[in-house]
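Here is the structure we will look at, set down as structure tokens.
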Amino acid sequence: MSKTIQILGDKAEYYLSHVCKTIDKKLLYLPGSDTIERIWMDSDRNLRTLGNLQWILSHGRLADTGYVSILPVDQGIEHSAGASFAPNPAYFDPENIVKLAVEGGCNAVASTFGVLSSVARRYAHKIPFIVKINHNELLTYPNTYDQVLFGSVKDAWDMGAAAVGATIYFGSEQSRRQIVEIAEAFDYAHELGMATILWCYLRNDGFKKDGVDYHAAADLTGQANHLGVTIKADIVKQKLPSNNGGFRAIGFGKTRDEVYTKLTTEHPIDLCRYQVANGFMGRVGLINSGGESHGASDMEEAVMTAVVNKRAGGMGLISGRKAFQRPMKEGVALLNAIQDVYLDQKVTIA
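With this note's numbering applied, the sequence shown covers 1 to 350.
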């Protein structure tokens, strides 16, 4: 019995035996050792950008599989340092963040300008850096939600970053300004030869209706992904879909019956595949978020998310709080369990 089956327990059959009958896997551009040559070589990305994408894909335990496991630690700004690091104060020290990514066999580490710049000379050549260039900070009172730039693309390049990351709150009042800012930033990053990763998140109080939160609805998040790849994100990050039908429940935008009757079902893998399809049928890889830490259930939740992402056609997981809000040895074990899903050839595309 594989470790993945053991961790999933009685849910293993539901996730590992599902056959996707919505969007055929033959239509997808799936991750592989030849991702750059097969998918990206026809694009307008310059040689340095392709080289940095390859560096990320060739690093860590998942090297040369086409899949990625990324450690993201930007919550010190996004959620406050106290809320993020109180469970394990060692991570107030930026070096421990990078050490966790290295020890955990990650393809890359994603964090803030401050975190990565403080240890750049020691680690920028040892593991690919993804510098998060914008953030939402919660010290403003009353709290507001807006992603603002915290540094420049040139700063990220100067510290040897392989890629820049950014968040856009699609659906928010500020989203159009954020789209312009990040489209310009990504264009400059590509000019300098860095890859680009976009957190395609939704943010609008109106996306909650009749007690249901549609911020992770497949139809809405799928469209957010489609907007993200349109401004030339090389990888998109998205929350795992937990429901569907956001457009119709909220009563805005445009959609069609086929989205719900032919292109999706209620199964998590089918909902995630719709997210993959919106990334140009997987040409731009989808990484799903590992989500917040819930304690004892973290390992099962992380492995389940990895299985859904892989079987849907995604290219990996970006998991932070589940890994760093516990002792480093346990965090490494959790990251390795995620990676084991992508290394397990018996976990196949649905």
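All residues carry an ideal CB built from backbone N, CA and C; glycine is no exception. Computed from a prediction, not measured in an experiment: that's the story for all the values here.
So residue i is in the beta strand (DSSP E); what residue range does that whole segment cover?
{"i": "Tyr-201", "result": "195 to 202"}
{"i": "Ser-69", "result": "68 to 73"}
{"i": "Ala-366", "result": "The question about residue 366 has no answer, for the chain in this structure spans 1 to 350."}
{"i": "Gly-371", "result": "Residue 371 lies beyond the stretch modelled for the chain, which goes from 1 to 350, so this question has no answer here."}
{"i": "Asn-288", "result": "285 to 289"}
{"i": "Val-347", "result": "That residue, Val-347, is in no beta strand (DSSP E); it is neither H nor E in DSSP."}
{"i": "Val-164", "result": "163 to 170"}
{"i": "Ile-179", "result": "Unbroken run through Ile-179 is the alpha helix (DSSP H), 175 to 192; no beta strand (DSSP E)."}
{"i": "Gln-238", "result": "235 to 238"}
Compute the distance between the beta-carbons of residue i and residue j, then report whether it is under 8 Å.
{"i": "Phe-354", "j": "Asp-219", "result": "Past the edges of the chain, shown from 1 to 350, lies residue 354, and the structure says nothing about it."}
{"i": "Phe-150", "j": "Asn-134", "result": "yes"}
{"i": "Ala-101", "j": "Ile-130", "result": "no"}
{"i": "Leu-28", "j": "Gly-282", "result": "yes"}
{"i": "Val-354", "j": "Ala-306", "result": "In the structure displayed, the chain extends from 1 to 350; residue 354 sits before or after that span and is not available."}
{"i": "Leu-334", "j": "Asn-288", "result": "no"}
{"i": "Gly-32", "j": "Gly-66", "result": "yes"}
{"i": "Ser-297", "j": "Arg-321", "result": "no"}
{"i": "Thr-265", "j": "Ala-233", "result": "no"}
{"i": "Tyr-201", "j": "Thr-167", "result": "yes"}
{"i": "Val-98", "j": "Ile-127", "result": "yes"}
{"i": "Ala-360", "j": "Val-153", "result": "As displayed, the chain neither begins before 1 nor continues past 350, which places residue 360 out of reach and without an answer."}
{"i": "Tyr-141", "j": "Ser-172", "result": "no"}
{"i": "Leu-16", "j": "Val-347", "result": "yes"}
{"i": "Asn-278", "j": "Gly-222", "result": "yes"}
{"i": "Trp-40", "j": "Ala-162", "result": "no"}
{"i": "Gln-238", "j": "Gln-178", "result": "no"}
{"i": "Thr-4", "j": "Asp-213", "result": "no"}
Which residue comes first and which comes last in the alpha helix (DSSP H) that contains residue i?
{"i": "Thr-305", "result": "298 to 312"}
{"i": "Ile-5", "result": "3 to 8"}
{"i": "Ser-84", "result": "81 to 85"}
{"i": "Gly-51", "result": "47 to 57"}
{"i": "Gly-316", "result": "Where Gly-316 is concerned, there is no enclosing alpha helix (DSSP H), although the beta strand (DSSP E) it sits in stretches over 316 to 318."}
{"i": "Asp-155", "result": "153 to 158"}
{"i": "Asp-24", "result": "Element bounds for Asp-24: n/a, residue is neither H nor E."}
{"i": "Phe-324", "result": "321 to 324"}
{"i": "Lys-99", "result": "94 to 103"}
{"i": "Val-276", "result": "268 to 278"}
DSSP beta-bridge partners for residue i?
{"i": "Asn-243", "result": "Ala-217"}
{"i": "His-135", "result": "Val-148"}
{"i": "Gly-253", "result": "Bridge partners of Gly-253: none, in fact."}
{"i": "Ser-111", "result": "Val-73, Val-131"}
{"i": "Val-212", "result": "Lys-209"}
From this set, the options, which residue's C-alpha is nearest residue i's C-alpha?
{"i": "Asn-143", "options": "Gln-339, Gln-238, His-79", "result": "His-79"}
{"i": "Thr-261", "options": "Ile-23, Ala-323, Ile-182, Lys-346", "result": "Ile-23"}
{"i": "Glu-95", "options": "Leu-343, Ile-349, Phe-324", "result": "Phe-324"}
{"i": "Asp-187", "options": "Lys-209, Val-119, Thr-348, Arg-45", "result": "Arg-45"}
{"i": "Val-303", "options": "Ile-182, Gly-279, Asn-336, Arg-273", "result": "Asn-336"}
{"i": "Met-315", "options": "His-18, Leu-30, Asp-158", "result": "Leu-30"}
{"i": "Asn-107", "options": "Lys-11, Leu-47, Arg-176, Asp-64", "result": "Asp-64"}
Since residue i and residue j are thought to touch, with beta carbons under 8 Å apart, how far apart are those beta carbons, to the nearest angstrom?
{"i": "Val-68", "j": "Leu-50", "result": "Actually they do not touch by this definition, with Cβ atoms about 16 Å apart."}
{"i": "Asn-52", "j": "Gly-193", "result": "6 Å"}
{"i": "Ala-189", "j": "Gly-160", "result": "The pair is not a contact, with the Cβ atoms about 14 Å apart (cut-off 8 Å)."}
{"i": "Ala-156", "j": "Val-164", "result": "5 Å"}
The ligand SAM and residue i: does any heavy atom of the ligand fall closer than 7 Å to the residue's C-beta?
{"i": "Val-236", "result": "Within the structure as shown, the ligand SAM is missing, as the structure has no ligands at all."}
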